[in-house]
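Protein chains in written order, with our numbering: chain A, 211 to 518; chain B, 504 to 880.
This is the structure in structure tokens:
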């Protein structure tokens, strides 16, 4: 659990965080989104005390971070950044093992954990554990960065635009990996991005920050359907907000159960955006839906256009 | 067919021209004793003219395997010049008075230098193993000549034989002065460099003062320190009893340290700069303490740059330590200045050559260390 209570931070005369309060529940995937300079990275960095707040308190699991020993605090919180920051003189395995080693885990526990993470993050090239970071692709480097952040099984992970520098395909595959791992381990993740699609795709809840203030906090759909004001409407994309909504809603919620259709079936867990793509690709306005191998219904173009 | 490279032959032409020119200078000097100037003695000019002309002709006409021919002649000259000089000296000394000295002349030195440079040039591009083997073999053969006594007729060797004990002592003293300076420079300079880097004050007062010190002539600095150090020794007799005084090793090391600090500080800051900022940020964010960050991230990543700096400092210190002999700190400089005082050229040469070889050897050691760390990274 992370709590911000009346947090203020200024750099010189510039107010970066303006009396901000927020509570992130255990096991929640919370995404802070906003333009550059809105203060979202600064807010994230107050949690592991890379930045000290001027006023207010930040609590992790009910304890004020300012009263904790700073190294112990940081070792208990995963941390991944956009530039990755792998140690160039250490192998992939040594990079991943950084925090467990700082915590003096026994050597075989470290080795087992590294193997587990290499598997979990699909770093499955042979001998990748013994390679040096400069021999990896950008996507692989960030996978190692995420593995390093998760290594000591922290209950809280901070991620500062970790996928910002990756190409769209790599980013999507990493987002899928991260979301799956987060669900499985019930880790609390505070994730910062300026990309609305990423925010809505990953977040259980999203917080929009502008000029050091949280303008709106809520589930992705609530954001799209009930923007708090004009600024939020502009930021979520005006009419394109409806397109984003398709990415957030699933086929299961909008399909007609029991009905039949011709064509290649789509998965019930897929997004409406995927369904629309399949319709366009196949030149049909209705497609069958399956759940696993079982046929469960049909999805119809007209239902996508209608507001639920 | 390989296109001839127009510039590849240039160093060969220049060096063989120097060799030909050197054939006109005195190969040896024969002097009645170690202090008087000698008479020129040039026993085999035609051999040199023939050898250097061959090298030049090979380069001009691009004969087959000209590179190999030039390298072979150069290697033979590097090894053979001292041998011939030694044999000539023995021949001269048979019928001469015991005080007669046979000194190496300008012709010898010029030709040996030209041959060594030619060998360096012609070996370039070959496998490193071949290069090292060629040089080591040449070095071993020259040393071998010294050991079996062929070179004993040369004044340089006789000077060394006469001064063996003082020479060994001076060599040890020189190494001691340099090593102590290097260790102190690292102990004092590395933390200062860290501080400069932290404060981002590479143009600050500290670096300014150190840079200014570099402009003070070494002789002047040694002289300036005599007063303060003598006063210190008087004020604290305990220091004086430890050998601390206006002259001697203490002010010498202090002056050498002042010269060594600037490069150590600069290279330390540069080494810390070589550590990627994102790796530092990640290390802090993951919970490394400042000491862990320094030992596990900054030191291993900045070490090659710092080592490159220490190499510069080591060579510079060995050179400057020669001057320290003037304030009684000992070292190989003693031979140089005593020789100048007495007008004994061979003594000057002995000291200078030893300092030169020492500097080259230390440079090689640091190059080896650098190569090791780079292979590791």
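The beta-carbon is built from N, C-alpha and C at its ideal position, and this holds for glycine as well.
Could you pull out every residue in the same chain whose Cβ sits closer than 6 angstroms to the Cβ of residue i, ignoring the five residues on either side in sequence?
i: residue 525 of chain B; result: 610, 613 and 614
i: residue 580 of chain B; result: 618
i: residue 309 of chain A; result: 285, 361 and 362
i: residue 776 of chain B; result: none
i: residue 501 of chain A; result: 478
i: residue 384 of chain A; result: 373
i: residue 259 of chain A; result: 275 and 280
i: residue 518 of chain B; result: 617, 620 and 621
i: residue 586 of chain B; result: 648
i: residue 660 of chain B; result: 654
Along chain A, in chain order, which residues have C-beta atoms closer than 9 angstroms to that of residue i?
i: residue 804 of chain B; result: 297, 298 and 299
Using a cut-off of 8 angstroms between C-beta atoms, extract the partners of residue i located in chain B.
i: residue 312 of chain A; result: 789, 790, 791 and 795
i: residue 309 of chain A; result: 789 and 790
i: residue 284 of chain A; result: 787, 788, 789 and 790
Can you list, in chain order, the residues of its chain whose CB lies under 8 angstroms from that of residue i, leaving out five sequence neighbours each side?
i: residue 796 of chain B; result: 783, 786 and 787
i: residue 441 of chain A; result: 420 and 425
i: residue 216 of chain A; result: 229, 230, 231, 265, 266 and 267
i: residue 504 of chain B; result: Below a pLDDT of 50, predicted positions are generally treated as unreliable, and residue 504 of chain B, at 43, falls in that range; no measurement from the model is reported.
i: residue 563 of chain B; result: 512 and 516
i: residue 457 of chain A; result: 407, 410, 411, 481, 482 and 483
Could you tell me which chain B residues have their CB closer than 9 angstroms to the CB of residue i, listed as they occur along the chain?
i: residue 291 of chain A; result: 781, 784, 785 and 788
i: residue 281 of chain A; result: 790, 791, 792 and 795
Name, please, each residue of chain A whose Cβ falls closer than 7 angstroms to the Cβ of residue i.
i: residue 800 of chain B; result: 297
For residue i, write down the residues that DSSP places opposite it in a beta bridge.
i: residue 657 of chain B; result: B:605
i: residue 669 of chain B; result: Answer is none; residue 669 of chain B lacks a bridge partner.
i: residue 510 of chain A; result: A:496
i: residue 214 of chain A; result: A:232 and A:268
i: residue 290 of chain A; result: A:369
i: residue 182 of chain A; result: No answer is possible for residue 182 of chain A: it lies beyond the span of chain A, which begins at 211 and ends at 518.
i: residue 487 of chain B; result: Past the edges of chain B, shown from 504 to 880, lies residue 487 of chain B, and the structure says nothing about it.
i: residue 250 of chain A; result: Paired residue(s): none; residue 250 of chain A is not in a bridge.
i: residue 227 of chain A; result: A:219
i: residue 280 of chain A; result: Looking at the DSSP assignment, residue 280 of chain A forms no beta bridge with any residue, so it has no partner.
i: residue 481 of chain A; result: A:460
i: residue 476 of chain A; result: A:499
i: residue 274 of chain A; result: A:269
i: residue 505 of chain A; result: A:500
i: residue 447 of chain A; result: Its beta-bridge partners do not exist; DSSP assigns none.
Leaving aside the five residues before and after residue i along the sequence, list all residues of the same chain whose C-beta is less than 7 angstroms from its C-beta, in chain order.
i: residue 599 of chain B; result: none
i: residue 835 of chain B; result: 673, 674, 677, 825, 854, 857 and 858
i: residue 561 of chain B; result: 569, 572 and 573
i: residue 244 of chain A; result: 250, 404, 418, 419 and 420
i: residue 392 of chain A; result: 239 and 399
i: residue 589 of chain B; result: 648, 653, 654, 656 and 657
i: residue 748 of chain B; result: 732, 733 and 736
i: residue 235 of chain A; result: 211
Does the beta-carbon of residue i, which I'm using as the reference point, lie nearer than 7 angstroms to any heavy atom of the ligand SAH?
i: residue 860 of chain B; result: Absence of the ligand SAH is noted for the structure shown, with no ligands found whatsoever.
What residues of chain B sit near residue i, judged by a beta carbon separation below 7 angstroms?
i: residue 260 of chain A; result: 787 and 788
i: residue 294 of chain A; result: 781
Note to self: With three or more C-beta pairs closer than 8 angstroms as the rule, is the region 463 to 475 of chain A touching the region 431 to 451 of chain A?
What the structure shows: no
Checklist line | Stretch pair the region 310 to 325 of chain A + the region 265 to 278 of chain A: three plus CB contacts closer than 8 angstroms | finding: no
Notebook entry, point to check: Can you find at least 3 beta carbon pairs, one from the region 598 to 609 of chain B and one from the region 619 to 632 of chain B, that sit closer than 8 angstroms?
Noted result: no
Margin query: Extract the residue ranges of the beta strand (DSSP E) inside the region 353 to 403 of chain A, only unbroken runs of 3 or more that lie entirely within it.
Written below: List check, beta strand (DSSP E) in window: 366 to 370 and 398 to 403.
Margin query: Assess contact between the region 230 to 240 of chain A and the region 407 to 427 of chain A, defined as three or more Cβ pairs (one per stretch) separated by less than 8 angstroms. Is contact present?
Written below: yes
Next item on the list: Go through the region 507 to 582 of chain B residue by residue and report every complete run of the beta strand (DSSP E) that reaches 3 residues or more, in order.
Entry: 531 to 534 and 542 to 544
Notebook entry, point to check: For the 8 angstroms Cβ check, are there 3 or more pairs between the region 353 to 361 of chain A and the region 331 to 345 of chain A?
Noted result: yes
Notebook entry, point to check: Counting only runs that start and end within the region 407 to 437 of chain A, where is the alpha helix (DSSP H) found for 4 or more residues in a row?
Noted result: 430 to 435
Checklist line | the region 724 to 739 of chain B in contact with the region 637 to 652 of chain B per 3-pair CB rule at 8 angstroms | finding: no
Check: Is the region 757 to 771 of chain B close to the region 693 to 701 of chain B, with three or more CB pairs under 8 angstroms?
Finding: Output reads yes: the region 693 to 701 of chain B touches the region 757 to 771 of chain B.
Check: Would you say the region 365 to 381 of chain A touches the region 343 to 354 of chain A, given that touching needs at least three Cβ pairs under 8 angstroms?
Finding: yes
Check: Three or more beta-carbon pairs under 8 angstroms between the region 758 to 767 of chain B and the region 814 to 833 of chain B, yes or no?
Finding: yes
Margin query: Would you call the region 537 to 546 of chain B in contact with the region 837 to 853 of chain B, where contact means no fewer than 3 C-beta pairs closer than 8 angstroms?
Written below: yes
Margin query: As an exercise, report each continuous beta strand (DSSP E) stretch of at least 3 residues that is fully enclosed by the region 299 to 337 of chain A, in chain order.
Written below: none
Check: Of all the beta strand (DSSP E) runs that stay within the bounds of the region 741 to 775 of chain B, which reach a length of 3 or more residues?
Finding: none
Item checked: Secondary structure, beta strand (DSSP E): runs of 3+ residues fully inside the region 806 to 838 of chain B -> Here no run is fully enclosed.
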